[in-house]
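Quick notes on the structure that follows.
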Amino acid sequence: QVVDDILDETQTTEELGKTAGKDRAQGKMTYPAVHGIEGARRFVERL
28 QVVDDILDET QTTEELGKTA GKDRAQGKMT YPAVHGIEGA RRFVERL
């Protein structure tokens, strides 16, 4: 899920094949929203 959240923040709609940025637009508290993109990437690397 965290990887999906990162992609939602960093890729375009065309790259994703779905609407990009929807989580942010809906005000969802995703891992990247709380910890930033780099913090989310570090978290994924530790998995």
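Last residue of the sequence shown: 74 (my numbering), numbering continuous. Just so you know, even glycine gets a beta-carbon here, dropped at the ideal spot from N, CA and C. Bear in mind the structure is a predicted one, so any value in this text is a computation, not a measurement.
Rounded C-alpha distance that separates residue i from residue j
{"i": "Leu34", "j": "Leu74", "result": "17 angstroms"}
{"i": "Pro59", "j": "Gly48", "result": "12 angstroms"}
{"i": "Thr46", "j": "Gln53", "result": "12 angstroms"}
{"i": "Gly44", "j": "Met56", "result": "22 angstroms"}
N-terminal and C-terminal residue of the alpha helix (DSSP H) that residue i is part of
{"i": "Gly66", "result": "Tyr58 to Arg73"}
{"i": "Lys45", "result": "That residue, Lys45, is in no alpha helix (DSSP H); it is neither H nor E in DSSP."}
{"i": "Lys49", "result": "Lys49 to Ala52"}
Exposed unless 16 or more other CB atoms sit within 10 angstroms - verdict on residue i
{"i": "Val67", "result": "First, the amino acid is wrong: residue 67 is Ala here, not Val. Under this definition Ala67 is a buried residue."}
{"i": "Thr39", "result": "exposed"}
Cut-off 7 angstroms between Cβ atoms - residues of its own chain near residue i, not counting five sequence neighbours on either side
{"i": "Val30", "result": "Val71"}
{"i": "Ile64", "result": "Ile33, Glu36 and Thr37"}
Beta-carbon proximity list for residue i, same chain, < 8 angstroms, skipping 5 on both sides
{"i": "Asp50", "result": "Asp32, Asp35, Glu36, Thr57 and Ala60"}
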